[in-house]
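Numbered per UniProt numbering, the sequence shown spans residues 1 to 342.
The beta carbon of each residue, even a glycine, is placed where N, CA and C say it ideally should be.
Small disclaimer: the values here were computed from a predicted structure and weren't measured.
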Amino acid sequence: MTARSHRTRTDRSDQPVRKLLVLALVGLASQLVDGALGMGYGVTSSSLLLLVGIGPALASASVHLSEIGTTLISGTAHHRLGNTDWRLVARLGLPGAAGALLGAVVLSHLSTEAAAPMASSLLLALGLYVLVRFAVRPPAGSTVRRSPHSVRFLALLGLVGGFVDATGGGGWGPVATTTLLARGRTAPRTVIGSVDTSEFMVALAASAGFLAGLGTAGISPVVVGALLAGGLVAAPIAAWLVSRLPGRILGSAVGGLIVLTNARTILSALHAPGPLIAIALLAFVPVWALLVAISGRSGRAGLSGSSGRGAPRPTSTAAAEPPPCRPEPLEDLEGSIVAPAA
Numbered sequence: 001m002t003a004r005s006h007r008t009r010t011d012r013s014d015q016p017v018r019k020l021l022v023l024a025l026v027g028l029a030s031q032l033v034d035g036a037l038g039m040g041y042g043v044t045s046s047s048l049l050l051l052v053g054i055g056p057a058l059a060s061a062s063v064h065l066s067e068i069g070t071t072l073i074s075g076t077a078h079h080r081l082g083n084t085d086w087r088l089v090a091r092l093g094l095p096g097a098a099g100a101l102l103g104a105v106v107l108s109h110l111s112t113e114a115a116a117p118m119a120s121s122l123l124l125a126l127g128l129y130v131l132v133r134f135a136v137r138p139p140a141g142s143t144v145r146r147s148p149h150s151v152r153f154l155a156l157l158g159l160v161g162g163f164v165d166a167t168g169g170g171g172w173g174p175v176a177t178t179t180l181l182a183r184g185r186t187a188p189r190t191v192i193g194s195v196d197t198s199e200f201m202v203a204l205a206a207s208a209g210f211l212a213g214l215g216t217a218g219i220s221p222v223v224v225g226a227l228l229a230g231g232l233v234a235a236p237i238a239a240w241l242v243s244r245l246p247g248r249i250l251g252s253a254v255g256g257l258i259v260l261t262n263a264r265t266i267l268s269a270l271h272a273p274g275p276l277i278a279i280a281l282l283a284f285v286p287v288w289a290l291l292v293a294i295s296g297r298s299g300r301a302g303l304s305g306s307s308g309r310g311a312p313r314p315t316s317t318a319a320a321e322p323p324p325c326r327p328e329p330l331e332d333l334e335g336s337i338v339a340p341a342a
């Protein structure tokens, strides 16, 4: 009896440590996905927290607060590796913060679950477009390191992305990264780095709105700290991966992640059985892997310059052509957030 009681007490004392390690691994995995692909921290971390037994309300609050620290560190790492366009960060992040603050206030008084399947359907279509386009016919502007998009377009995109992120518990990356990649006018590493950096402002505004509307009840500093610790380890690694991977591989990887996350949301909203959802998602993974492999094989030579630091060096055959990295903004192309360029 004594030995058994001692083992029971030891197991119970190890549970908090075990839980902290699991939470730290959740933060590490989520930030690795988000920092490398420009989206997925909210979706990944919330899903994993639910799997380890954290309640939905606590998971959502903890994710938003931990994102303040992870996005700050991730943005710093992206800047040091040359993955950010600061004009894009400001023009996208400030309206995004306004949208996130509004979304947090709305969510404090209203449920927006009915809108989730509609938004996911739109993002699923965009994800398929990004995946196929970067694998088969990459956009011509995929090596441009400075975003040519207009202020009006980025302000509207930021407002919508911030509102969706706050009301849906995540979505800044899926909306902003997907739209900018689908337009095909900015290098994937610049899109990912700039969107990830601007998310700091979105997370800060959303957290302020939730704290003002809901208070601090149910928020555990231990959970937030564990998520943050794991994210701090992953942030510089993910930023380094973005600066090294070719643009076509990044685009295809992001497109597949969008399809997976939004397909799961749609199937869940349709009350599909869990095994059916798992089978559908697992069946898509080999197709995704094949398209990413095609992207890597086809784009290694053509877009190798986008995986290193700085712009690609001009060759003798391209010397007589106009430089591709200084396109003029075309206002008439910015009329719609979700309409991808042909």
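**Request:** Compare the C-alpha of T265 against each of A278, D34, S150 and name the closest.
**Result:** A278
**Message:** Measuring straight from C-alpha to C-alpha, what distance separates I192 and V130?
**Reply:** Answer to the nearest angstrom: the Cα atoms are 14 Å apart.
**Prompt:** Out of L245, V292, G231, A226, which has the shortest C-alpha to C-alpha gap to P16?
**Reply:** A226
**Prompt:** So, using beta-carbon positions, are F200 and I68 closer together than 8 Å?
**Reply:** yes
**Helix, strand or coil at P148 according to DSSP, with G and I counted as helix** = coil
**Request:** Out of K19, S30, G162, G35, state which residue places its alpha-carbon closest to the alpha-carbon of T190.
**Result:** G35
**Cβ contact check for the segment 232–241 and the segment 278–287: 3 or more pairs under 8 Å** = Taking one beta carbon from each stretch, the segment 232–241 and the segment 278–287 have fewer than 3 pairs nearer than 8 Å; the two do not touch.
**Message:** Let's see if you can read the secondary structure: which residues bound the alpha helix (DSSP H) around I219?
**Reply:** First-last for I219: undefined, no H or E at that position.
**Prompt:** Among residues of its own chain, excluding the 5 on either side of A205, which ones have a beta-carbon nearer than 6 Å to its beta-carbon?
**Reply:** A97, A100, L101
**Request:** Can you tell me which of the three DSSP states N83 falls into?
**Result:** coil
**Asked** When the Cβ atoms of the segment 287–298 are set against those of the segment 244–260, are three or more pairs found closer than 8 Å?
**Response** yes
**Message:** For A269 and P117, what's the separation of their Cα atoms in angstroms?
**Reply:** 6 Å
**Message:** Considering only the alpha carbon of each residue, which of W288, N262, P273, G274 lies closest to L123?
**Reply:** N262
**Asked** Just how far apart, CA to CA, sit A59 and S46?
**Response** 6 Å
**Asked** Roughly how many angstroms lie between the CA atoms of A155 and R91, to the nearest whole one?
**Response** 6 Å
**Request:** Output yes or no for whether 8 Å exceeds the beta carbon distance between N40 and V33.
**Result:** Sequence check: residue 40 is Gly here, not Asn. In contact: G40 and V33 (Cβ atoms closer than 8 Å).
**Message:** If you follow the alpha helix (DSSP H) that T261 is in, where does it begin and where does it stop?
**Reply:** From DSSP, the alpha helix (DSSP H) with T261 extends over 247–269.
**Message:** Can you check which of these residues, S121, V63, T177, is closest to G93 by C-alpha distance?
**Reply:** T177
**Message:** If the criterion is Cβ atoms closer than 8 Å, does the pair G230 and G42 meet it?
**Reply:** no
**Prompt:** What are the start and end residues of the alpha helix (DSSP H) that includes P273?
**Reply:** Premise fails: P273 is in no alpha helix (DSSP H) and is neither H nor E.
**Prompt:** Can you give the beta carbon distance from L228 to S66, rounded, assuming they're within the 8 Å contact cut?
**Reply:** 5 Å
**Item:** Nearest-angstrom Cβ-Cβ length linking G75 and T197, presumed shorter than 8 Å
**Value:** 3 Å
**Prompt:** How many whole angstroms separate the CB atoms of H64 and A203, which I take to be in contact at a CB cut-off of 8 Å?
**Reply:** 6 Å
**Message:** At the level of alpha carbons, what is the spacing between V136 and A208?
**Reply:** So the two alpha carbons sit approximately 43 Å from each other.
**Message:** Given this structure, state the Cα-to-Cα distance separating L49 from G256, to the nearest angstrom.
**Reply:** 22 Å
**Asked** To the nearest angstrom, how far is it from the Cα of R313 to the Cα of T84?
**Response** Below a pLDDT of 50, predicted positions are generally treated as unreliable, and R313, at 43, falls in that range; the measurement from the model is reported next regardless. One C-alpha to the other measures close to 20 Å.
**Item:** Identity of the residue in A272, W288, S243 nearest S194 by Cα
**Value:** S243
**Asked** For L81 versus A253, is the C-beta spacing smaller than 8 Å?
**Response** Their beta carbons are not under 8 Å apart, which means L81 does not touch A253 by this criterion.
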